Amino acid sequence: MSVTSSIRRASLVRQGTLLCILVCIYAFLLVPVAIVILTSFTGQSFPAVPYDGISFQWYTELITDSQLLGALVTSFVVATASSLLAVAFGTAAAVGFVRAEFPYKQQLSTIMLLPMIISPVITGIALIRYFGMVDVSSGYPALIVGHSILTVPYVFLLVRSQLVTFDEDLEKASRVLGADSTVTFLNVTAPIISPALLAAFFVAFVVSFGEFTATQFLISPGSSTVPVEIYTMLRTGLTPTINALSTVLVVVMVVAALLSRYFEN
Amino acid sequence: MSVVVERSPVPRWLTERISNRHLVAIGVGWVTFFFVFPILFLVVESLNFGSGGLFDAYRRATGGVYLNAFARSFVYGFVTTVVTLAFAYVLAYYLVFASDRVRLLLTLVVVPLWIAYIIRYFGLLLFFSPTGPLGQVGLEIDILFTSTAVVVGLANAYLPFAVLPIYNSLNAIHHETIDASRALGAGQLRTIYEVVVPLSTPGIVAAGVIVFILATGSFLGPAVLGGPEQSMIANEIARTFLEAYNIQLASALAVIYTVLLVAFIAAFNAVFDLQEALGNL
Amino acid sequence: MLEVTGLTKYYGELLAVDDVSFHIDEGDFVTLLGPSGCGKTTLLHMIAGLREPTEGQVKLRGEDVTDLAPEDRNIGMAFQSTALFPHMTVRENIAYGLRMHGYDAEERDTQVQEFLELVDLPDHGDHHPDELSGGQQQRVSLARALAYEPDILLLDEPLTGLDRVLREEMREWLMTLQRELGVTSLYVTHDQEDALSMSDKVIVLDDGQKQQAASPERIYEQPANEFVATFVGKSTRFDGTLRSVDDRPIVETDETRIVVGTNDRATNHDDGEAVSLFVRPEDVDVEPATATADGGTTTTAGAASAAPTAAATVENAFPGTVEKIANLGNRTEVTVALESGETALANTARFPNIAVGDEVTVTFDSESVVVV
Chain A
1 MSVTSSIRRA
11 SLVRQGTLLC
21 ILVCIYAFLL
31 VPVAIVILTS
41 FTGQSFPAVP
51 YDGISFQWYT
61 ELITDSQLLG
71 ALVTSFVVAT
81 ASSLLAVAFG
91 TAAAVGFVRA
101 EFPYKQQLST
111 IMLLPMIISP
121 VITGIALIRY
131 FGMVDVSSGY
141 PALIVGHSIL
151 TVPYVFLLVR
161 SQLVTFDEDL
171 EKASRVLGAD
181 STVTFLNVTA
191 PIISPALLAA
201 FFVAFVVSFG
211 EFTATQFLIS
221 PGSSTVPVEI
231 YTMLRTGLTP
241 TINALSTVLV
251 VVMVVAALLS
261 RYFEN
Chain B
266 MSVVVERSPV
276 PRWLTERISN
286 RHLVAIGVGW
296 VTFFFVFPIL
306 FLVVESLNFG
316 SGGLFDAYRR
326 ATGGVYLNAF
336 ARSFVYGFVT
346 TVVTLAFAYV
356 LAYYLVFASD
366 RVRLLLTLVV
376 VPLWIAYIIR
386 YFGLLLFFSP
396 TGPLGQVGLE
406 IDILFTSTAV
416 VVGLANAYLP
426 FAVLPIYNSL
436 NAIHHETIDA
446 SRALGAGQLR
456 TIYEVVVPLS
466 TPGIVAAGVI
476 VFILATGSFL
486 GPAVLGGPEQ
496 SMIANEIART
506 FLEAYNIQLA
516 SALAVIYTVL
526 LVAFIAAFNA
536 VFDLQEALGN
546 L
Chain C
547 MLEVTGLTKY
557 YGELLAVDDV
567 SFHIDEGDFV
577 TLLGPSGCGK
587 TTLLHMIAGL
597 REPTEGQVKL
607 RGEDVTDLAP
617 EDRNIGMAFQ
627 STALFPHMTV
637 RENIAYGLRM
647 HGYDAEERDT
657 QVQEFLELVD
667 LPDHGDHHPD
677 ELSGGQQQRV
687 SLARALAYEP
697 DILLLDEPLT
707 GLDRVLREEM
717 REWLMTLQRE
727 LGVTSLYVTH
737 DQEDALSMSD
747 KVIVLDDGQK
757 QQAASPERIY
767 EQPANEFVAT
777 FVGKSTRFDG
787 TLRSVDDRPI
797 VETDETRIVV
807 GTNDRATNHD
817 DGEAVSLFVR
827 PEDVDVEPAT
837 ATADGGTTTT
847 AGAASAAPTA
857 AATVENAFPG
867 TVEKIANLGN
877 RTEVTVALES
887 GETALANTAR
897 FPNIAVGDEV
907 TVTFDSESVV
917 VV
């Protein structure tokens with residue numbers, strides 16, 4: 001009896017330690033974000049946990065700041081447009097790579113993933129210098145094209161993994177039934193893969209919406225994005241407006257990510 | 266009721282000319298034109314065509330503060346990878362073998378990936394700052410603007426990237442294998458050491474490579490949580506470009522760093538499959 | 547109706563279909579039979595226009611359709627995977643082909659209802675495919691392929707996913723439907739039972755090449771070559787050299803000799819030629835070794851063939867040991883290791899009076915020997 005109970009005690013201690021470590025890891029992952037959100041409701045002039053009651057004054061501040069609202073609009077426009085581009089090009093590549101056979105296919109497909117691997121700082125300066133040469137102006141055009149490059153690997157990976165399970169007999173059946181390739185794509189392929197495309201769109205949206213490092217090189221004075229605004233404000237001093245803006249950013253990104261998950265399943 | 270299109274909006278002569286290879290060309294072409302070319306163009310930008318040597322910028326880039334920044338990037342990257350792998354392994358092991366709420370707990374690991382890096386670094390900044398929640402209750406952890414803070418930040422940012430591949434590889438192990446090891450007389454720790462770890466090596470390697478690539482190239486971590494002494498290569502490239510406006514030098518630094526990274530990836534790709542590693546994300 | 551001439555397909559260096567020609571008459575049910583990887587699906591896809599042939603010609607109703615897209619050929623096709631559109635109802639699936647063939651809304655409704663009834667699913671029009679059983683899905687798939695009255699129906703292993711009982715039921719049903727509509731059909735399968743039970747004509751394919759095209763009976767009883775003989779049905783096999791003794795063809799193996807019938811099965815071969823002999827298990831009798839001497843009073847004889855003549859028994863009688871007895875339900879298959887080294891297969895009554903290890907004599911009629 002005493003032996004088993006000491007074993008049990010030892011295993012309880014071990015389980016307790018493990019549980020502690022796990023709670024710490026999850027706290028480590030999630031507490032920073034929680035703090036940002038929590039301290040946005042402070043009534044003081046610096047980000048503090050609002051023990052003495054919740055205040056929305058920094059959100060009021062936010063919606064009266066035209067520059068920050070402008071940044072929100074820019075982020076929305078850039079994320080939407082660049083995600084559409086990324087879905088178009090990423091899907092084309094994914095379909096092509098899944099269905100075509102040619103030499104060095106695997107190696108060539110690595111090109112689609114490069115923007116994910118190269119440091120975004122390098123991507124940023126490479127793009128802005130190159131855009132100057134090929135006449136893509138900074139601001140919206142540079143941001144949209146640049147973000148489409150930064151997000152296309154995610155679209156490519158996601159759509160490719162979904163296409164592998166697509167039954168090509170469905171397209172053959174449609175052709176034999178009398179539909180040409182375009183009509184087949186519209187009636188059969190598109191409806192079936194559209195959830196995957198929507199999921200990919202929202203993943204791209206999330207990545208674009210939160211991107212800072214490359215973005216800082218691509219903005220123009222009139223077209224700053226939310227992460228760039230947050231960074232600039234961080235450099236000049238901590239005010240709870242940053243928290244309010246960050247919280248808005250978190251909400252947008254989480255909603256987009258949840259939409260993506262919804263369509264992926 | 267689904268809508269059915271009867272007539273093609275695109276003329277047949279056009280669609281008959283578009284094959285799957287064209288689709289590949291369209292996708293790869295976009296990335297080539299707006300990514301591969303710009304990166305290659307940096308090589309041109311890094312060369313000195315004026316007076317002095319062609320590789321002047323490279324001479325500067327491989328000396329003094331830049332060499333330090335390179336070294337720091339790889340040291341921080343390495344330490345971050347080790348720390349992250351340790352935490353990620355414990356977490357993934359628990360999720361696979363001990364938890365009944367895998368879905369929820371796994372989602373909680375993924376949630377930080379949905380949130381911009383800048384916000385997570387900002388959260389850590391608040392956490393450690395004297396006026397932050399810890400400072401408010403009189404507790405002060407004075408690590409801000411040190412190497413520790415930067416590594417903690419990097420580990421925080423990239424931990425989810427490490428958990429997913431390890432989780433996938435552990436999840437692929439048949440539980441019978443572990444039962445068999447226990448039945449054959451190996452203890453729990455011995456089983457982990459002799460059976461589980463070797464079988465999950467592909468996941469560990471994938472996680473390590475992803476974290477290392479991302480961490481060494483990080484800009485925001487040192488920018489938000491570090492001081493001038495913690496400047497990594499990405500920060501030096503950005504500073505040289507944005508503040509010193511020395512495009513040649515910034516390009517040279519970028520080229521050196523990219524070559525090192527590509528060499529690292531090529532070496533890795535010779536042994537493991539990079540695409541498979543990235544497919545875990 | 548369908549005429550295929552010299553159809554050839556290379557995948558890079560790999561020759562998948564090698565110069566295959568055949569034709570199908572109006573209203574016939576023809577089967578392409580072959581093992582997996584023999585090129586039969588590629589052949590079917592070329593006929594459908596889903597793959598471009600490297601060489602050769604496909605003619606439908608006398609018209610050359612080789613270069614036409616699949617949507618311009620007016621063919622119907624059923625797939626092993628059913629390939630029903632998962633996002634459409636059964637009705638919409640069937641209406642799809644009608645739509646593409648220019649039927650107006652009213653015609654579509656009548657035609658869809660008619661075909662739903664024809665495939666015994668009159669009330670399932672508004673279901674989605676995933677709400678139906680495997681057999682029902684395959685029936686919808688056939689209704690979809692037939693509703694717009696195609697010139698020819700192509701069937702790509704439509705019964706392969708189904709379990710045994712359902713498969714036999716579907717075979718019956720498919721045959722009835724095909725005869726009723728009189729639609730010319732080309733059926734692709736690796737299953738010899740499908741092929742032998744349903745077809746007017748069977749085309750055996752192996753390694754991209756046509757091996758034999760003939761009626762099911764002829765394929766089974768007079769296989770054109772070794773491949774057809776071994777792929778379709780089981781046999782006892784002897785390899786030897788053809789000789790003529792007293793004007794009767796004899797095949798000598800290393801250990802023994804076999805008398806071969808004087809029918810056309812041996813006439814294609816010359817004296818001294820190396821040949822293979824095949825005897826179907828239902829043509830083989832097996833009796834306990836002692837029983838042969840007293841003229842067969844014991845009732846252990848085989849099922850299929852009539853009592854062998856005295857001459858034949860003497861001629862083709864081989865001693866051996868019973869190796870295996872497998873009860874196959876309606877009959878029993880006995881495997882005998884012959885002293886001459888070959889393995890003989892015989893079908894007997896359900897409960898033969900022999901056991902594993904028994905010494906037996908195997909006999910067969912010289913007329914039932916197939917020489918290839």
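Sequences listed follow chains A, B and C, in order. Per the numbering used here, the very first residue in the first sequence carries number 1; after that it's consecutive. Per the numbering used here, the very first residue in the second sequence carries number 266; after that it's consecutive. Per the numbering used here, the very first residue in the third sequence carries number 547; after that it's consecutive. Positions of the beta carbon are idealized from the N, C-alpha and C atoms, including for glycine. These numbers were taken from a predicted model, which means no experiment stands behind them.
Excluding five sequence neighbours on each side, which residues of the same chain lie with their C-beta closer than 6 Å to the C-beta of A:M1?
-> Model confidence at A:M1 stands at a pLDDT of 45, short of 50, so the residue's coordinates are unreliable; what they give is reported in the following sentence. Closer than 6 Å at Cβ, skipping near neighbours: no residue.
Chain A contact residues for B:L449, given Cβ-Cβ distances below 9 Å | Chain A residues near B:L449: none, gap ~20 Å exceeds 9 Å.
Proximal residues of chain B, C-beta to C-beta of A:P47 below 8 Å | L391, T396 and G397
Taking only beta-carbon atoms, is C:M592 less than 8 Å away from chain F?
-> The displayed structure is made up of protein chains A, B and C, and chain F is not among them.
Should C:P854 be flagged as near chain A, meaning a C-beta pair shorter than 8 Å?
-> At C:P854 the pLDDT is 41, less than 50, meaning the model places this residue with poor confidence and gives no usable figure here.
For C:D831, the residue or residues it bridges with in DSSP = C:T909
Nearest-angstrom beta carbon gap, C:R789 and C:E801 [assumed within contact, 8 Å] = With 8 Å as the limit, C:E801 and C:R789 do not qualify as a contact, their Cβ atoms being about 15 Å apart.
List the residues of chain A that C:M646 touches, going by C-beta distances under 7 Å, in chain order.
-> L177, G178 and A179
Selection of the segment 338–357 of chain B by Cβ proximity to chain A, strictly under 7 Å = F352, V355 and L356
Name, in chain order, the residues that DSSP records as bridge partners for C:N893.
-> C:E879
Candidates A:F46, A:G70 and A:R129: which alpha carbon is nearest B:L507's?
-> A:R129
Pick out whichever of A:P47, A:L249 and A:R261 has its Cα sitting closest to the Cα of A:A79.
-> A:L249
Please classify B:A444: does DSSP put it in a helix, a strand, or coil?
-> Contrary to the premise, residue 444 of chain B reads as Asp rather than Ala in this sequence. Helix at B:D444.
Indicate whether the contact test is met: 3 or more Cβ pairs, each with one atom in the segment 31–39 of chain A and one in the segment 234–250 of chain A, closer than 8 Å.
-> yes
Look at the alpha carbon of C:D740 and the alpha carbon of C:R717, and state the distance between them as a whole number of angstroms.
-> 7 Å
Give the secondary structure of C:T782 by DSSP, where H, G and I count as helix, E and B as strand, and everything else as coil.
-> strand
List the residues of chain A that B:Y432 touches, going by C-beta distances under 7 Å, in chain order.
-> Correct list: empty, because the minimum Cβ distance to chain A is about 13 Å.
Per DSSP, the bridge partner or partners of C:D610 | C:K605
Can you list, in chain order, the residues of its chain whose CB lies under 7 Å from that of C:T846, leaving out five sequence neighbours each side?
-> Caution is warranted here: a pLDDT of 39 is assigned to C:T846, below 50, making its placement in the model unreliable, and no coordinate value can be reported.
Check whether the Cβ of C:D709 sits closer than 7 Å to any heavy atom of the ligand ADP, and report yes or no.
-> In terms of ligand content, the structure shown is empty, and the ligand ADP therefore cannot be addressed.
Residue span of the alpha helix (DSSP H) that contains A:G210, given as start and end = A190 to G210
Count the other CB atoms within 10 Å of the CB of C:E572; is the residue buried (16 or more) or exposed (fewer)?
-> exposed
Which chain C residues sit within Cβ distance under 7 Å of A:L170?
-> A629 and F631
How big is the Cα-Cα spacing for C:G841 and C:V868?
-> The pLDDT assigned to C:G841 is 41, lower than 50, so where the model puts this residue is not dependable; a value taken from the coordinates is nonetheless given after this. Straight-line Cα distance between these residues: approximately 21 Å.
Flag A:A257 as yes if its beta-carbon sits less than 8 Å from any beta-carbon of chain B, otherwise no.
-> yes
Go through the segment 559–598 of chain C residue by residue and report every complete run of the beta strand (DSSP E) that reaches 3 residues or more, in order.
-> 560–570 and 575–579
N- and C-terminal bounds of the beta strand (DSSP E) containing B:F548 = It is not possible to answer for residue 548 of chain B, since the shown part of chain B is limited to 266 through 546.
Range of the contiguous beta strand (DSSP E) that encloses A:G178 = Note, A:G178: premise wrong, no beta strand (DSSP E); not H, not E.
Below-8 Å beta-carbon distance, C:S851 vs any chain B residue = Low confidence applies here, because C:S851 scores a pLDDT of 40, under 50, leaving its location unreliable; read the following figure in that light. No, C:S851 lies away from the interface with chain B (no Cβ there is under 8 Å from its Cβ).
Would a C-beta distance cut-off of 8 Å place A:F205 and A:S83 closer than the cut-off?
-> yes
Determine the contact status of C:V916 and C:Q757, defining contact as a CB-CB distance below 8 Å.
-> no
Could you name each continuous beta strand (DSSP E) segment of 3 residues or more that falls completely within the segment 716–766 of chain C, going from the start of the chain to the end?
-> 730–735, 747–752 and 755–760
Say whether chain C places a C-beta atom closer than 8 Å to the C-beta of A:N265.
-> no
Have a look at the DSSP bridge pairing and note the partners of C:R789.
-> C:I796
If C:Y642 and A:L177 are in contact, beta carbons under 8 Å, what's the gap, nearest whole angstrom?
-> 6 Å
is_contact[A:I193, chain C] using C-beta, thresh 8 Å = no
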